[in-house]
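Just below is one structure, and these are the notes that go with it.
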Amino acid sequence: MLIVFDLDGTLVDSRADIVCATNHALLEHGRPGLPDELVTSFIGDGARTLMARAAGLREDDARLEPFLQAFLDYYAAHAVVHTTLVPGAIAVLDTLAAGLPLALCTNKPRQTTLRVLDALGLRGYFAALSAGGDQAQKKPDPEPLLALGERLGFAPGDMVLVGDGPQDIECARRAGARSVGVAGNIAPRALLERARPDALLEEIRALPGLLHRWRNVHATSR
Numbered sequence: 003m004l005i006v007f008d009l010d011g012t013l014v015d016s017r018a019d020i021v022c023a024t025n026h027a028l029l030e031h032g033r034p035g036l037p038d039e040l041v042t043s044f045i046g047d048g049a050r051t052l053m054a055r056a057a058g059l060r061e062d063d064a065r066l067e068p069f070l071q072a073f074l075d076y077y078a079a080h081a082v083v084h085t086t087l088v089p090g091a092i093a094v095l096d097t098l099a100a101g102l103p104l105a106l107c108t109n110k111p112r113q114t115t116l117r118v119l120d121a122l123g124l125r126g127y128f129a130a131l132s133a134g135g136d137q138a139q140k141k142p143d144p145e146p147l148l149a150l151g152e153r154l155g156f157a158p159g160d161m162v163l164v165g166d167g168p169q170d171i172e173c174a175r176r177a178g179a180r181s182v183g184v185a186g187n188i189a190p191r192a193l194l195e196r197a198r199p200d201a202l203l204e205e206i207r208a209l210p211g212l213l214h215r216w217r218n219v220h221a222t223s224r
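If you use the numbering used here, the sequence shown corresponds to residues 3 to 224, in order.
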């Protein structure tokens with residue numbers, strides 16, 4: 003079984019740094035900054051989508067490019083100013099890594115993903131990484147998850163995607179993998195419930211117990 007994690011909101015709380023980068027880009031190009039809660043609601047679908055929502059522009063609008071570049075430049079330099087680990091994340095990774103392969107699937111750009119992983123001591127836990135821009139499509143498209151499975155030799159039915167957003171749940175479903183939603187970080191719980199994950203946890207600490215039960219059920223059904 004391959005356990006694939008989302009990053010923002012699942013393992014790390016990056017809201018403050020993303021809000022700062024978003025509002026920096028808006029202010030640099032003459033737009034007013036936005037409330038923290040509004041920017042947070044834009045997180046999860048990648049940098050281009052986030053800035054399009056913040057600037058009120060279509061993703062294919064050429065006017066978006068300077069906003070996006072300002073965001074990327076600022077965020078690359080300030081990716082881990084306020085970002086912290088989600089409580090219990092390291093303990094969960096330690097427990098799972100002792101017996102299961104782990105991978106990471108995020109829509110965050112690769113450069114900033116690696117900075118966050120290195121700063122918080124996470125990179126060594128993952129056998130493979132799929133970041134925003136690595137594939138032609140991003141979550142909720144299944145391509146990033148399927149690419150990880152192919153790289154590491156796992157069929158979709160042997161993968162579990164753990165995330166805090168509906169895009170994670172849809173990605174897993176479309177790939178044919180199982181999904182675990184983790185509530186309470188970025189996406190409202192109601193959005194996760196509507197996405198219908200295979201399991202919905204209140205906190206990441208409950209993940210090892212859930213996976214242990216799933217493995218036992220699988221073993222007894224063989």
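For every residue, glycine included, the Cβ atom is placed at its ideal position computed from N, Cα and C.
Just to confirm, is the Cβ distance from residue i to residue j under 8 Å?
{"i": "Thr108", "j": "Thr97", "result": "no"}
{"i": "Ala100", "j": "Leu70", "result": "no"}
{"i": "Ala197", "j": "Val182", "result": "no"}
{"i": "Leu13", "j": "Val88", "result": "yes"}
{"i": "Val6", "j": "Leu150", "result": "yes"}
{"i": "Val219", "j": "Glu205", "result": "no"}
{"i": "Ala105", "j": "Leu131", "result": "yes"}
{"i": "Gly167", "j": "Ala138", "result": "no"}
{"i": "Val21", "j": "Asp10", "result": "no"}
Taking only three categories from DSSP, how would you classify residue i?
{"i": "Thr12", "result": "coil"}
{"i": "Ile92", "result": "helix"}
{"i": "Asn187", "result": "coil"}
{"i": "Arg180", "result": "strand"}
{"i": "Ala105", "result": "strand"}
{"i": "Phe44", "result": "coil"}
{"i": "Val219", "result": "helix"}
{"i": "Met3", "result": "coil"}
{"i": "Gly155", "result": "coil"}
{"i": "Pro34", "result": "coil"}
{"i": "Ala100", "result": "coil"}
{"i": "Ala54", "result": "helix"}
{"i": "Pro111", "result": "strand"}
{"i": "Thr24", "result": "helix"}
Quick check on residue i: buried or exposed, where buried means 16 or more other Cβ atoms within 10 Å of its Cβ?
{"i": "Asp8", "result": "buried"}
{"i": "Pro199", "result": "buried"}
{"i": "Leu147", "result": "buried"}
{"i": "Pro210", "result": "buried"}
{"i": "Glu61", "result": "exposed"}
{"i": "Ala27", "result": "buried"}
{"i": "Pro144", "result": "buried"}
{"i": "Asp63", "result": "exposed"}
{"i": "Gly58", "result": "exposed"}
{"i": "Gly126", "result": "exposed"}
Please list, in chain order, all residues of the same chain as residue i whose beta carbon is under 6 Å from its beta carbon, the five residues on each side excluded.
{"i": "Thr86", "result": "Asp15"}
{"i": "Asp136", "result": "none"}
Which same chain residues, not among the five before or five after residue i, have their C-beta less than 7 Å away from its C-beta?
{"i": "Gln169", "result": "Gly46, Asp47, Lys141 and Pro142"}
{"i": "Glu30", "result": "Ala72"}
{"i": "Leu74", "result": "Ala49 and Pro111"}
{"i": "Arg55", "result": "Phe44"}
For residue i, collect the residues of the same chain with a Cβ closer than 8 Å to its Cβ; drop the 5 residues on either side in sequence, then sort them by chain order.
{"i": "Leu212", "result": "Val182, Ala201 and Leu203"}
_Whether or not the region 145 to 157 and the region 172 to 180 are in contact is what I'm after, with contact meaning three or more pairs of Cβ atoms, one per stretch, closer than 8 Å; do they touch?_
The region 172 to 180, when compared against the region 145 to 157, does touch it at the 8 Å Cβ threshold.
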